[in-house]
Amino acid sequence: MTRGAQGLRLFLLLVLPTFWLALFLVTPLAFVFAYGFSHYTDAYVLDVWPPDPDNYLDAISVGRGAIVIPLMVRTFGIAALTSVVSLAIGYVMSYYIARIAKERWRGILMGLVIVPFWVSFIVRIYAVNPFTNQTSFFHQGLLGAGLGFLSDWIAGFFQPGTGQMVVFTLMYVWLPFMILPLFASLSKVDPQLLEAAYDLGASRWRAFVHVTLPLTYPAMIVGSVLVFITSTGAFIETELVGGRDWLLIGNYVATQFSFIGGLPQAAASALFLILATILLISVYRKYAELEDLGETEARSRIMAPIIEMIKRLFRRGETSEPSPTAPAMPDGGAVVSFGRSPERLGGALHKARWERILDGIAERGGKWILGGATTIMLLMFFVPLAIMAAFSFNAEISQYVWGGFSLRWWVGSASRDGLFQDSAALESILYSIIIAFASSALAVFVGMFAAYAITRYRFRSRNALQTMMYLGLVIPSLKYIIVWRAFGDFLNQYVLAPLSLGYGFAEPIQWRFGLASVIVGHTTFNIPLATLVLIISFREFDRSLEEAAMNLGADEITTFFRVTLPNIMPGIISALLLGFTFSFDELPVTLFLKGDLITLPVFIYGQISKKIVTPVANAASVLVLILSMAFVLLTLKLGKKGGQLFRI
Amino acid sequence: MTELDVEVKALTKVFDGGVTAVDEVTFGIERGSFFTLLGPSGSGKSTILRMIGGLETPTNGRVFIGGQDVTDLPPYERDTSMVFQSLALFPHLTVAGNIGFGLRMRRWPREKIGRRADEALDLVELPHRKYGRRKITQLSGGERQRVALARALVTEPRVLLLDEPFGALDLKLRKQMQVETKKLQQRLGLTFIFVTHDQEEALTMSNTIGVINKGRVEQMGNSKDIYERPATKFVAGFIGEANIIPGVVRSIEGGIASVVHETKEAGELQIRAPADDVGEGQSVFVSVRPEKVRVGSDAERCANVFEGAVVDEVYIGLASRVAIQLDQGPRITANVQIANIGDSIPIGSRIRVGWDPANSIVVTR
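So this is what it looks like as structure tokens:
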């Protein structure tokens, strides 16, 4: 193949994905930057000229009355705490599933971890309600059983409007982001390395600290960064459980957008958040790559000093204990003979007391402790969902008290319409399906070009393309919204309005947000996801099959359609289904791009945000639940890749 | 009697699925000897090694190291070190970090670990200045091999266990590592237990070989014993090559047995063979190595002479390997030296084959 032909081919492959991401991801980012310099004129018209740095200055001000910096600090604090809590819980669960649970249970357990992830997070947050509200049957049951103190403690600790509830909720919702990379990494640790460590004198505990733990640092970092980034962008979560005192930067940005005149401030503060995210992405990418390459030295160099410091802190108390191997050691620089020297040191292994205790615990109870913790977490995932589903059949209006079985919230009663009579609800399902279908198909189409180019060619802009992909993958949805709204508003005000008026229209033509904008938005966040899945498929595809086909006389196009495509079909299907489920449950992006459109999650959000929440919300949630689960099962069945998706 | 470093008694391992991997194996290993467990894959030799190292719990039987019963001790409390088949080098540590691991577990101070690791590297002929700070991923196969060896030796174990460590190396490197490992063992005077499926490797390196098949010890002995006096049909066939002909002892005369191989179609083949430990009427196998089989005029001077047709000839460099279908049934393989370049033995030609009883052996199972 000539150089020129290859160049043309590459150009054709790259033009669509690059164009899409540049237009809908990077350009809007630039507009946000520009809007940060804008201001409103006295006539309430947005003006970007002359540039006004006040918004940025306000955003970075730390003086009296500063809003953005204190909110940022709080947000990052909450996000960091969430990452740490998720890491601790996630590590225990993934360790149990990857290393202790029997092989045939492993897939099922991972499935149980992933399934809630596909259920819309509002549904999941909503489902926890009965456990935090003391009037609920759960707390009444505790009181009835004489466990009032427990009821008080639970209701006190998990009280909406407290910091710990915000951290808990974020952890609860985003824990799978932590578990998936950790699980992948832990199952890759070669058991023979642990045997080697035992053989060289490491007890269980020390083998874990010196071998397993360092080998999973990259996954720990990847998982923490994912949870951290997601948490910094949270705003619906905090709106539901944060009360007034624990709103985060996301809430500020979202609120600013809703106010007329708030756009410049929102853009400026959002840009900070985006910069912080990009910084974290670079850390994330570095470690994701290290993980890929099996490079572990560099990361232990970063972690080692931290661990050494912690160790020293702990050791301080133990210094009085003499090191028993010290006297037995050959001293000085004399050449030590190997083999049978008189002062052989084999066998004489000393365990510190704490180590003996920990080993004892690990050997006798480790399995049960880790298994118990995993079970409790899984129950925490599923019991609320099950109860929520049950209460959609409640005869009473309450979420908290069971009043007998009834279908009234589904099919309606004499006095009130049920879910199936609500035309908005039914329409929302239809829209959700249309959006999910269109955006996932588009994303796979675009992602296919990108994945093919990335796996098959080396080109100069490859890094840029991959960066855009990662950007799209990890920027929290909140930022899309800002970016998007900013872009849309800019188009309306500076392009469409002057143009249409200039051509003599009576009214300025405006781009209305609605179905199209939601589809484009969803497609944009689905493209990186689809690309990632397809890259895995393309990498796993044995290229000698293509060579064989060409050797047998098929030209390149025929080879692609007859050999390559059928072989990566599972990847395509799982990318489609994954995009479908993500889009189907998506709320934040939709909320800001929807115009007058109502999708199913938007409908549920509306139901839940009402002053008096009726079990219609439960019924709608159950519908989302059932549809999501159906897609999940289909994904798992059709493409084995479903489980590997988060090995990002 | 010399001191036994390792002793296993009635060692048995039944895996969860009910598969008996090791079946009542008993042997002792002298201090400072190079002991090899040789057998085909799946014969249970690695399982025996792992039970000695404490990585596998025996279903039955005991393991003694230095006279002490260690059966119930975890690996980290045993005086053994293992060189793993996969080498199991820690990818997150440098070469020096890997070698120092065992010492770190013994809570040596950092400087001493460094010095000792350097010595260990020098011992396996990897200059520590050059290699100490390298990553495992930057090493070649042979270098990794040496690092694994150094890591196992640095804690001065009583017994070094090696589980097919050279499996991944190319032939030349493999030979070199064999020689060096053997030298190292002689220099250090340590007991090495070596597991391999490569009979040539076993023959060149070992003081004692235990041939393992289906979880049992078929034969124990030195290289010469094993090769020249195989105790069973399996050993004869597994170590080197052998023509194995089943038959029945018809008579014994002057230390020579007359073994009859009978088939319905081709009738009787009478073979004269050494009559050690066999009685009349007993079913036996006569084993003769291809290099001991003579052909053509050489064959006529032998005590056993048969005639057959050449069915196959394979050039193997030093000689030609010729398969001959005897008129009385069995097919015999012979290594034939070709004296002149260009000579060959045409397929289909009639040829005489023969061997002396002293060059064959008789096994009963």
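Residue numbers (the numbering used here), protein chains in the order written: chain A, 1 to 648; chain B, 1001 to 1365.
Quick reminder that beta carbons are idealized off the backbone N, C-alpha and C, glycines included.
Bear in mind that the values here come from a model prediction, so they are computed numbers and not experimental data.
Measure from the alpha carbon of A268 of chain A to the alpha carbon of each residue in A:I519, A:F381 and A:G36, then state which is nearest.
Working through the first sequence from its first residue, we reach residue 268 of chain A at position 268. Of A:I519, A:F381 and A:G36, the residue nearest in Cα terms is A:G36.
Sort B:Y1315, B:A1358, B:I1341 and B:M1205 by Cα distance to L1381 of chain B and report the nearest one.
Residue 1381 of chain B is absent from the structure shown; chain B starts at 1001 and stops at 1365.
In whole angstroms, give me the CA-to-CA distance for G339 of chain A and V1154 of chain B.
In the first sequence, residue 339 of chain A corresponds to position 339, counting from 1. In the second sequence, residue 1154 of chain B corresponds to position 154, counting from 1. The pLDDT assigned to G339 of chain A is 49, lower than 50, so where the model puts this residue is not dependable, and the model offers no usable value.
Does any residue of chain A bring its CB to less than 9 Å from the CB of T1263 of chain B?
Residue 1263 of chain B sits at position 263 when you count from the first residue of the second sequence. Judged by the 9 Å Cβ criterion, T1263 of chain B is not in contact with chain A.
Cβ-based neighbour list, G1348 of chain B, same chain, cut-off 7 Å, excluding 5 preceding and 5 following:
The sequence position of residue 1348 of chain B within the second sequence is 348, counting from 1. The answer, listed in chain order, is A1309 and V1310.
Considering only the beta carbon of each residue, do A127 of chain A and L419 of chain A sit closer than 9 Å?
On the first sequence, residue 127 of chain A is found 127 positions in, with the first residue counted as 1. On the first sequence, residue 419 of chain A is found 419 positions in, with the first residue counted as 1. Result no, Cβ atoms of A127 of chain A and L419 of chain A do not sit closer than 9 Å.
Just curious, the beta strand (DSSP E) that K1013 of chain B is in, first and last residue?
Translated into the one-based positions of the second sequence, residue 1013 of chain B becomes position 13. Its beta strand (DSSP E) spans residues L1004 to V1014.
Residues from the region 1038 to 1064 of chain B in contact with chain A, defined by Cβ distance under 7 Å:
G1053 and L1055
Using a Cβ-Cβ cut-off of 8 Å (strictly less than) and excluding sequence neighbours within five positions of F272 of chain A, which residues of its own chain qualify?
Taking the first sequence and counting its residues from 1, the one referred to as residue 272 of chain A is at position 272. These residues qualify, in order along the chain: A59, I60, V68 and M72.
Have a look at G7 of chain A and Q1138 of chain B and give me their C-alpha separation to the nearest angstrom.
Sequence index remark: in the first sequence, residue 7 of chain A carries index 7 (1-based). Sequence index remark: in the second sequence, residue 1138 of chain B carries index 138 (1-based). In a straight line, the C-alpha of G7 of chain A is about 35 Å away from that of Q1138 of chain B.
Beta-carbon contacts of E1164 of chain B that lie in its chain and below 8 Å, excluding the five residues immediately before and after
Translated into positions along the second sequence, residue 1164 of chain B becomes position 164. For E1164 of chain B, where only same-chain residues beyond five positions count, the Cβ hits under 8 Å are S1046, Q1085, V1195, T1196 and H1197.
Inspect the beta-carbon positions of F393 of chain A and W409 of chain A and report whether they are closer than 9 Å.
On the first sequence, residue 393 of chain A is found 393 positions in, with the first residue counted as 1. On the first sequence, residue 409 of chain A is found 409 positions in, with the first residue counted as 1. In this structure, W409 of chain A lies closer than 9 Å to F393 of chain A by Cβ.
Answer with yes or no whether the minimum CB distance from A184 of chain A to chain D is below 9 Å.
Here chain D cannot be found, since the structure's protein chains are A and B.
Quick one, which of B:V1293, B:V1336, B:I1338 and B:V1362 has its alpha-carbon nearest G1247 of chain B's?
Translated into the one-based positions of the second sequence, residue 1247 of chain B becomes position 247. Of the listed residues, the one whose Cα sits closest to G1247 of chain B is B:V1362.
What whole-angstrom Cβ distance do N1335 of chain B and E1291 of chain B have, given they're in contact under 8 Å?
Taking the second sequence and counting its residues from 1, the one referred to as residue 1335 of chain B is at position 335. Taking the second sequence and counting its residues from 1, the one referred to as residue 1291 of chain B is at position 291. About 5 Å separates the two Cβ atoms, so the contact holds.
Over the uninterrupted beta strand (DSSP E) stretch that includes P1246 of chain B, give me the two end residues.
Numbered from 1 along the second sequence, position 246 holds the residue referred to as residue 1246 of chain B. Start and end: N1243 to E1253.
Contacts of P214 of chain A in chain B (Cβ-Cβ under 9 Å)
Looking up residue 214 of chain A in the first sequence gives position 214. Here the neighbours are F1090, H1092 and L1093.
Does the beta-carbon of F1101 of chain B have 16 or more other beta-carbons within 10 angstroms, so that it is buried, or is it exposed?
For the purposes of this step, residue 1101 of chain B is identified with residue 101 of the second sequence, where counting begins at 1. By the 10 Å Cβ count, F1101 of chain B comes out buried.
Start-end ranges of the alpha helix (DSSP H) lying completely within the region 202 to 245 of chain A, minimum 4 residues:
Within the region 202 to 245 of chain A, the runs of alpha helix (DSSP H) that reach at least 4 residues and sit entirely inside it are, in chain order, 204 to 207, 217 to 232 and 236 to 241.
Just the C-alpha distance for S621 of chain A and L194 of chain A, rounded to the nearest angstrom, thanks.
In the first sequence, the residue the question calls residue 621 of chain A occupies position 621. In the first sequence, the residue the question calls residue 194 of chain A occupies position 194. Approximately 45 Å between the Cα atoms of the pair.
When the Cα atoms are used, what is the spatial distance from L465 of chain A to T18 of chain A?
Position 465 of the first sequence, counted from the start, is the residue given in the question as residue 465 of chain A. Position 18 of the first sequence, counted from the start, is the residue given in the question as residue 18 of chain A. Their Cα atoms are separated by approximately 7 Å.
Taking 8 Å as the limit between beta carbons, can you name the residues of its chain near L1055 of chain B, skipping five residues before and five after?
Along the second sequence, one-based indexing puts residue 1055 of chain B at 55. Correct list, in chain order: P1075 and M1082.
Once DSSP output is grouped into helix, strand and coil, what is the label at A398 of chain A?
Mapped onto the first sequence, residue 398 of chain A falls at position 398. In the sequence on display, residue 398 of chain A carries Ser and not Ala. Here S398 of chain A sits in coil by DSSP.
Contact set between M1205 of chain B and chain A, taken where Cβ atoms lie within less than 7 Å
Taking the second sequence and counting its residues from 1, the one referred to as residue 1205 of chain B is at position 205. Those within 7 Å of M1205 of chain B in chain A number zero; the least Cβ separation is about 18 Å.
Say whether chain B places a C-beta atom closer than 9 Å to the C-beta of V222 of chain A.
As a working mapping, residue 222 of chain A is identified with position 222 in the first sequence. Taking Cβ atoms only, chain B never reaches closer than 9 Å to V222 of chain A, which makes this a no.
Please name the residue in B:V1353, B:L1126, B:P1274 and B:G1142 whose C-alpha comes closest to that of K1175 of chain B.
Mapped onto the second sequence, residue 1175 of chain B falls at position 175. Of the listed residues, the one whose Cα sits closest to K1175 of chain B is B:G1142.
What is the DSSP secondary structure of G1066 of chain B, counted as helix, strand or coil?
Against the second sequence, residue 1066 of chain B aligns to sequence position 66. Correct three-state label for G1066 of chain B: coil.
Where R9 of chain A meets chain B, residues with beta-carbon distance less than 8 Å:
Mapped onto the first sequence, residue 9 of chain A falls at position 9. By Cβ distance, chain B contributes nothing, its closest Cβ being about 34 Å from R9 of chain A, past 8 Å.
Which bits of chain B does L193 of chain A rub up against, with CB to CB less than 7 Å?
Mapped onto the first sequence, residue 193 of chain A falls at position 193. Under the 7 Å cutoff, chain B gives A1088 and F1090.
Hey, is T1196 of chain B's beta-carbon within less than 9 Å of any beta-carbon in chain A?
Within the second sequence, numbered from 1, the residue matching residue 1196 of chain B stands at position 196. No, its Cβ sits nowhere closer than 9 Å to a Cβ of chain A.
Residue environment, P1357 of chain B, which counts as buried when at least 16 other CB atoms sit within 10 Å
For the purposes of this step, residue 1357 of chain B is identified with residue 357 of the second sequence, where counting begins at 1. Classification of P1357 of chain B: buried, given that the 10 Å Cβ count is 16 or more.
Nearest-angstrom Cα separation, counted from L14 of chain A out to T135 of chain A:
Residue mapping note: residue 135 of chain A aligns to position 135 of the first sequence, counting from 1. Residue mapping note: residue 14 of chain A aligns to position 14 of the first sequence, counting from 1. Distance between the alpha carbons of T135 of chain A and L14 of chain A: 58 Å.
Taking 8 Å as the cut-off, does the region 1310 to 1325 of chain B touch the region 1264 to 1279 of chain B (at least 3 CB pairs, one atom from each stretch)?
no
Going by CA-CA distance only, name the one from B:I1239, B:E1241, B:V1278 and B:S1223 that's closest to R1250 of chain B.
Mapped onto the second sequence, residue 1250 of chain B falls at position 250. Closest by alpha carbon: B:V1278.
Contact list for V211 of chain A against chain B, beta-carbon separation under 7 Å:
For the purposes of this step, residue 211 of chain A is taken as residue 211 along the first sequence, with counting starting at 1. Those within 7 Å of V211 of chain A in chain B are F1090.
Mind checking D1005 of chain B: buried by the 16 CB within 10 Å criterion, or exposed?
Against the second sequence, residue 1005 of chain B aligns to sequence position 5. Under this definition D1005 of chain B is a buried residue.
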